[in-house]
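141 is the number that the numbering used here gives the last residue of the sequence shown; the numbers go up by one with no jumps. Even for Gly, the Cβ is constructed at its ideal location relative to N, Cα and C. The next block holds one structure in the form of structure tokens; read it before the comments.
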Amino acid sequence: MDIGTREATCTVGEAAQRVGLSTHTLRWYEQEGLVEPVGRDSAGRRRYTPRDVDWLLLLTRLRRTGMPVRDMRRYVELARQGDGTLGARRGLFEEHRLRVLAQMAELEEDLKVLDFKIDHYRRAEQGEFD
């Protein structure tokens, strides 16, 4: 697909920088079908539209919050099927949200341990335990 120059686009490197991924990972997302085939300029170079970048930002957030790639694939499949899958997509996100909340609770407990140890060592350095 050759894209015109009317819509503001960016290169694979610029898109990677905007979403915080490597260019290799962006290409992998495309190969895995997580991203629609990206438009190309007249020289055959990938050109990412703002919509492409927004989609990539969503995928990176899903991945960063621990969503397995298989669930990301499922979401992409559902999204491509249209509005008849809204409930299924919501359900997928609700399940993932519960996992994220559980991770956050675990991290909060881990943070308490770190805070305790930091405080302990700080007090030890100040000689409070002599």
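Asked, Found
"Report the option in 122, 70, 59 whose CA atom is closest to the CA atom of residue 24.", "59"
"Would you mind reading off the limits of the alpha helix (DSSP H) that contains residue 91?", "80-92"
"Just to confirm, are residue 30 and residue 67 a CB contact at a threshold of 8 angstroms?", "yes"
"List the endpoints of the continuous alpha helix (DSSP H) containing residue 63.", "61-75"
"Sort out for me which residues DSSP pairs residue 134 with in a bridge.", "In the DSSP output, where bridge partners are listed per residue, residue 134 has none listed."
"With DSSP collapsed to three states, give me the class of residue 51.", "strand"
"So, do the region 79-94 and the region 49-58 have three or more beta carbon pairs nearer to each other than 8 angstroms?", "no"
"Report the rounded CA-to-CA distance for residue 127 versus residue 118, giving the unit in angstroms.", "14 angstroms"
"Just to check my reading of the structure: residue 77 and residue 101 have Cβ atoms closer than 8 angstroms, yes? What is that Cβ distance to the nearest angstrom?", "With 8 angstroms as the limit, residue 77 and residue 101 do not qualify as a contact, their Cβ atoms being about 19 angstroms apart."
"What's the call for residue 125, buried or exposed, on a 16-neighbour Cβ count within 10 Å?", "exposed"
"Specify the secondary structure class of residue 57 as computed by DSSP and reduced to three states.", "strand"
"Can you grab the Cα-Cα spacing for the pair residue 86 / residue 140, in whole Å?", "55 angstroms"
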